[in-house]
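Which chain is which? The protein sequence lines are A and B, in order. All the letters of the first sequence, read from the start, carry residue numbers 1 to 116 under my numbering. All the letters of the second sequence, read from the start, carry residue numbers 1 to 113 under my numbering. Input: a single structure, listed below in structure tokens.
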Amino acid sequence: AQKVTQAQTEISVVEKEDVTLDCVYETRDTTYYLFWYKQPPSGELVFLIRRNSFDEQNEISGRYSWNFQKSTSSFNFTITASQVVDSAVYFCALNRGDTGRRALTFGSGTRLQVQP
Amino acid sequence: DVKVTQSSRYLVKRTGEKVFLECVQDMDHENMFWYRQDPGLGLRLIYFSYDVKMKEKGDIPEGYSVSREKKERFSLILESASTNQTSMYLCASSPQTLGSPLHFGNGTRLTVT
């Protein structure tokens, strides 16, 4: 069985602070995919990034960066110099890599509040 | 851009009513999904479909059924709504390419009184 754990229920920071959202996953598969989604107050989940299990390179996109470590089964997400617009619920998710007929397993989400 | 449209943003129904939640996608995706979102529980899969007339149970299918008669449309049915089905319902679609992200609709907030 697969499982995704986001232990941080809610984080509050002041604008311009850096913040890291933790994601730990469990899977017995050797091929899998990891995702991060953002859910702003409007409600629609927005896809941010996907990594496959064979690519442990860290990725940076503007103020966002992701650290994937298979040794610790973690896929953490860092926002540098946070802004009020980053306030949202963030979900980490996992998918098996054996077939395209699979649903994502989501974590419980981390609510990030960025105060001005 | 992929568009996933859920027919209602807000719904209020009475206990025991039959409820239909409709979802339509415009990108010819093979896979469609229904998730339920509750505070502290994240998104939980109710059902998904990988082809017309095909369906698979997710983690919490009890009290729900689905219908997929056309590729672009996936309906979630609450046969007899109960108060514990008050929740946010999210529809999503994806192609069957390995590792494809899901594309979500805006959600339907259902209240059962």
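Don't be surprised by glycine CBs; every beta carbon is placed ideally from N, CA and C.
Every unbroken beta strand (DSSP E) within the segment 15-81 of chain A, with a cutoff of 3 residues, ordered by chain:
Qualifying beta strand (DSSP E) stretches, in chain order: 19-21, 24-26, 32-39, 46-52, 59-61, 64-69 and 74-79.
Do we get a CB-CB distance below 8 Å when we pair B:THR97 with the residues of chain A?
Yes - at least one Cβ of chain A is within 8 Å of the one on B:THR97.
Does the separation of the CB atoms of B:LYS55 and B:ARG44 fall below 8 Å?
Going by C-beta atoms, B:LYS55 is not nearer than 8 Å to B:ARG44.
Cross-chain neighbours of A:LEU104 in chain B, by beta carbon under 7 Å:
One finds LEU102 in chain B with Cβ atoms closer than 7 Å to the Cβ of A:LEU104, taken in chain order.
A:GLU44 at chain B interface by Cβ criterion, 8 Å:
Interface residue, yes.
For B:GLU30, collect the residues of the same chain with a Cβ closer than 7 Å to its Cβ; drop the 5 residues on either side in sequence, then sort them by chain order.
Beyond the five residues adjoining it in sequence on each side, B:GLU30 comes within less than 7 Å, by CB distance, of TYR50, ASP51, PRO95 and GLN96 in the same chain, given in chain order.
Strand pairing of B:ASN106, partner residues [DSSP]:
The bridge partners DSSP lists for B:ASN106 come to none.
A:PHE75 versus B:VAL4: straight-line alpha-carbon distance, rounded
One alpha carbon belongs to A:PHE75, the other to B:VAL4, and they sit about 28 Å apart.
From A:GLN115, A:THR78 and A:CYS92, pick the residue whose C-alpha is nearest to that of A:ILE60; which is it?
Looking at the Cα atoms, A:THR78 is the closest of the given residues.
By the criterion of Cβ-Cβ separation under 9 Å, what are the contact partners of A:PHE47 in chain B?
For the C-beta of A:PHE47, the chain B residues within less than 9 Å are, from N- to C-terminus, PRO101, LEU102, HIS103 and PHE104.
Under 8 Å from the C-beta of B:GLY107: neighbouring residues of chain A
What B:GLY107 touches in chain A: GLY43 and GLU44.
Let me make sure I understand the geometry here. Which of A:VAL84, A:ASP29 and A:GLY97 has the alpha-carbon closest to that of A:GLU17?
The shortest C-alpha separation from A:GLU17 is found at A:VAL84.
Rounded C-alpha distance that separates A:CYS92 from A:TYR64
Their backbone Cα atoms lie some 14 Å apart in a straight line.
Spell out whether any CB of chain B is found under 8 Å from the CB atom of A:GLY107.
For A:GLY107, the answer is yes, since a Cβ of chain B falls inside 8 Å of its Cβ.
Within the 8 Å Cβ cut-off, does A:PHE68 reach chain B?
The Cβ of A:PHE68 sits no closer than 8 Å to any Cβ of chain B.
Is the segment 16-32 of chain A touching the segment 94-104 of chain A in the sense that three or more CB pairs, one from each, lie closer than 8 Å?
They touch, by the three-pair rule.
Suppose only complete runs of 3+ residues qualify. What are the beta strand (DSSP E) ranges in the segment 23-77 of chain B, listed by chain order?
31-38, 42-49 and 64-70, all fully within the segment 23-77 of chain B.
By the three-class DSSP mapping on this structure, what secondary structure does B:THR83 have?
In the structure shown, B:THR83 falls within a helical segment according to DSSP collapsed to helix, strand and coil.
Under 8 Å between the Cβ atoms of A:ALA103 and B:GLY105?
No, the Cβ-Cβ distance between A:ALA103 and B:GLY105 is not below 8 Å.
How would you call B:TYR114, buried or exposed, if buried means at least 16 neighbouring beta carbons within 10 angstroms?
It is not possible to answer for residue 114 of chain B, since the shown part of chain B is limited to 1 through 113.
Given that a residue counts as buried once 16 or more other Cβ atoms are within 10 Å of its Cβ, and exposed if not, what is A:ALA81?
Under this definition A:ALA81 is an exposed residue.
CB contact flag (A:ASP98, A:THR31, <8 Å):
Taking 8 Å as the Cβ cut-off, A:ASP98 and A:THR31 qualify as a contacting pair.
Own chain, CB closer than 7 Å to B:PHE20, minus 5 neighbours either side, in chain order
If we look at B:PHE20 and ignore the five residues flanking it on each side, its Cβ neighbours are SER75 and ILE77.
Alpha carbon of A:LYS38 to alpha carbon of A:SER71, nearest angstrom:
Between the C-alpha atoms of A:LYS38 and A:SER71 there is a straight-line separation of about 25 Å.
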